[in-house]
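Position in the sequence shown (from 1) plus 30 gives the number in the working numbering.
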Amino acid sequence: MDKERVKYLKINKEKKGEYIIYWMQETQRIEYNFSLEKAIEVANESKLPLYVIFNYIKNYPEASERHFKFMLQGLKDVRDTLERYGVQFVLLEGDLEKNMLKISKDARTLIWDKSYLRYQRDIREKILKKLDLTIIEVENNVVVPVEVVSFKEEYSAKTFRDKYKKVKERYLKESDYKIVIKFAYNELINNKLKKMDQSQIYLPQNKARLDGDFIGGEIEAKKVLEKFIEEKLEFYSLKGPDNDWSSKLSPYLHFGQISPLQIWSALKKIKELEIQKDKFLEELFIRRELAINFVYYNLKYDAWDGITYKWAYETMEKHLKDQRDYLYSLEELENYKTHDIYWNSAQKQMVDTGYMESYMRMYWCKKLLEWVGSPQEAYEIAINLNNKYLYDGRDPNSYAGVAWCFGKHDRAWKERKIFGKVRYMNSSGLEKKFDMKKYIKKIVK
């Protein structure tokens, strides 16, 4: 594990403590989990037992039953695997800050995953100020640590890509890493934490298929990756709404049930299909980690006045009063009641399955700008629906993807009605690229 992934936020050598805590949040897996590796290392050095903690928050911002079901299926994999190694998994429920203060009272060291979104970072800051023990933060879910690539918000994919290429090889070597779960001492002695465990209440006994035919968890994530490589990678450069050649890995990446390094480890074994691999890795490495750069350095990543560039705001403001041929309410949009059968199909797919193909995500969002009374309202509706329905909603990729539709990480284009110089998309473009009748048939079946 590269030292740049590990940051000591607070050191207290005086506190003895009875155990070590790994608070799992962003990285809901066992393999390729550098936080768990660090926790095992600390536990062995301290000769203290290790507890892996996850805090379940029923009212987590914008989370739905769909999100919770997928996540809890994944946590079942985590618990079952840890138990085989003699590690106690404790699922807490309720106020995160209060729970962390309570369980950390008798702990020597607390290890947690690095977060990028503001809500998660704010909670960590509050906990950090109130705890008096050694706290270690480990960055897990990117190939290159966010601050290694750049110390600022990057303007475009090109500026980010140029910096990324200079440092990525050092971190790609970590794709060969295998965690060793071996303890010098792991006798579980603290009954207080066991009494707080809610896993028997919330974790499913069996994992059934969810909306969109998804199953949550690290075990399923590896199956999805294997299927993608064996059956879809060959056709990846041709992927679109009329076929099923997308990887379907985004929900698993969002919940940290698979690592991008683990994906790379599998891909590098393929000695051919270079064009397809390059296209996929552009999205996995550059676009995904550019999105993380965006939300990490731009604290207004989800506020209308902070998501895009001056030129984009100015051009949309200039065309604010342009006549719109169609205007739809949130209710009409949410229930796919527009004149556009392609857009309706995309919205229906999102509502029914929690998934939408990437090209249709762009078209879907662009039409909101065209059919809603103002760009700000269009943006707010896009974020609302995206986060409410998609498995990978509330993700850096979501915020960056929606912002892109309003000019972020893009350039000015030919000026036109409503859009101004922001990139335009239309249904004829879909029809030229894809068999849209096939797409509609797939959604309506």
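Beta carbons: idealized from backbone N, C-alpha and C, even for Gly.
Next item on the list: Using three-state DSSP, classify Glu-167 as helix, strand or coil.
Entry: Residue numbering aside, residue 167 sits at position 137 when the sequence shown is read from its first letter. Strand at Glu-167.
Check: Which term fits Phe-265, buried or exposed, when burial requires 16 or more other beta carbons within 10 angstroms of its beta carbon?
Finding: Numbered from 1 along the sequence shown, position 235 holds the residue referred to as residue 265. By the neighbour-count rule (16 or more Cβ atoms within 10 Å), Phe-265 is not buried but exposed.
Margin query: With distance defined between alpha-carbon atoms, name the residue in Ile-83, Arg-96, Leu-126 nearest to Phe-119.
Written below: As a first step, residue 119 is located in the sequence shown; it is residue number 89 there, counting from the start. Residue Ile-83 is the option with its Cα nearest to Phe-119.
Notebook entry, point to check: Considering Tyr-419, what are the terminal residues of the alpha helix (DSSP H) in which it resides?
Noted result: In the sequence shown, residue 419 corresponds to position 389, counting from 1. Run containing Tyr-419: 405-419, per the alpha helix (DSSP H) assignment.
Margin query: Considering only DSSP beta bridges, list what Tyr-81 is partnered with.
Written below: In the sequence shown, the residue the question calls residue 81 occupies position 51. Ile-51, Gln-118.
Item checked: Proximity winner among Met-346, Ser-180, Glu-319, relative to Trp-443 (alpha-carbon distances) -> Here residue 443 is taken as the residue at index 413 of the sequence shown, counted from 1. Ranking Met-346, Ser-180, Glu-319 by Cα distance to Trp-443 puts Met-346 first.
Next item on the list: Taking all protein chains shown into account, decide if Leu-360 is buried (16 or more other Cβ within 10 angstroms of its Cβ) or exposed.
Entry: To locate residue 360, count along the sequence shown from 1; it is residue 330. Exposed is the label assigned to Leu-360, since fewer than 16 other Cβ atoms lie within 10 Å of its Cβ.
Notebook entry, point to check: Per DSSP, Val-36 is paired with what?
Noted result: By one-based count along the sequence shown, residue 36 stands at place 6. Its beta-bridge partners are Val-168.
Checklist line | Residue closest to Asp-272, alpha-carbon to alpha-carbon, out of Ala-214, Val-108, Ser-388, Tyr-201 | finding: Taking the sequence shown and counting its residues from 1, one reaches residue 272 at position 242. The residue with the shortest Cα to Cα distance from Asp-272 is Ser-388.
Check: When you compare only the Cα positions, how much space is there between Asp-162 and Thr-338?
Finding: If you number the sequence shown from 1, residue 162 lands on position 132. If you number the sequence shown from 1, residue 338 lands on position 308. Rounded to whole angstroms, the gap between the alpha carbons of Asp-162 and Thr-338 is 40 Å.
Notebook entry, point to check: Three or more C-beta pairs closer than 8 Å, one from the stretch 49-59 and one from the stretch 95-113: is that the case here?
Noted result: Taking 8 Å as the limit for Cβ pairs, the verdict is that the stretch 95-113 does touch the stretch 49-59.
Next item on the list: Return the bridge partner residues of Ala-321 from the DSSP annotation.
Entry: For this step, residue 321 is matched to residue 291 along the sequence shown. According to DSSP, which records beta bridges pairwise, Ala-321 is partnered with nothing at all.
Margin query: Please return the same chain residues whose Cβ sits closer than 6 Å to the Cβ of Val-179, not counting the five positions on each side in sequence.
Written below: Walking along the sequence shown from the start, residue 179 turns up at place 149. So the list reads Lys-193, Tyr-194, once near-sequence residues are dropped.
Item checked: Of the residues Ile-300, Lys-159, Ala-321, the one placed nearest Ser-186, counting alpha carbons only -> As a working mapping, residue 186 is identified with position 156 in the sequence shown. That would be Ala-321, whose Cα lies nearest to the Cα of Ser-186.
Checklist line | Residue closest to Lys-237, alpha-carbon to alpha-carbon, out of Glu-248, Lys-348, Ile-41 | finding: Within the sequence shown, residue 237 is the residue found at index 207, counting from 1. Measuring from the Cα of Lys-237, the nearest candidate turns out to be Glu-248.
Item checked: Straight-line gap, Gln-292 to Phe-436 (C-alpha atoms, nearest Å) -> Here residue 292 is taken as the residue at index 262 of the sequence shown, counted from 1. Here residue 436 is taken as the residue at index 406 of the sequence shown, counted from 1. Using only the alpha carbons, I get a separation of about 33 Å.
Margin query: Rounded to whole angstroms, what is the Cα-Cα separation between Asp-335 and Leu-363?
Written below: Working through the sequence shown from its first residue, we reach residue 335 at position 305. Working through the sequence shown from its first residue, we reach residue 363 at position 333. Approximately 23 Å between the Cα atoms of the pair.
Margin query: I'd like to know whether the C-beta atoms of Gly-242 and Tyr-52 end up nearer to each other than 9 Å.
Written below: Here residue 242 is taken as the residue at index 212 of the sequence shown, counted from 1. Here residue 52 is taken as the residue at index 22 of the sequence shown, counted from 1. If you check the CB distance, Gly-242 and Tyr-52 do not come in under 9 Å.
Notebook entry, point to check: If we ignore side chains and look at the alpha-carbon of each, how far apart do Glu-256 and Ala-296 end up?
Noted result: Taking the first residue of the sequence shown as position 1, residue 256 is located at position 226. Taking the first residue of the sequence shown as position 1, residue 296 is located at position 266. Each residue's alpha carbon lies about 8 Å from the other.
Note to self: Is it buried or exposed, Gln-287, if we count other Cβ atoms within 10 angstroms and call 16 or more buried?
What the structure shows: Taking the first residue of the sequence shown as position 1, residue 287 is located at position 257. Answer is buried; the Cβ neighbour count reaches 16.
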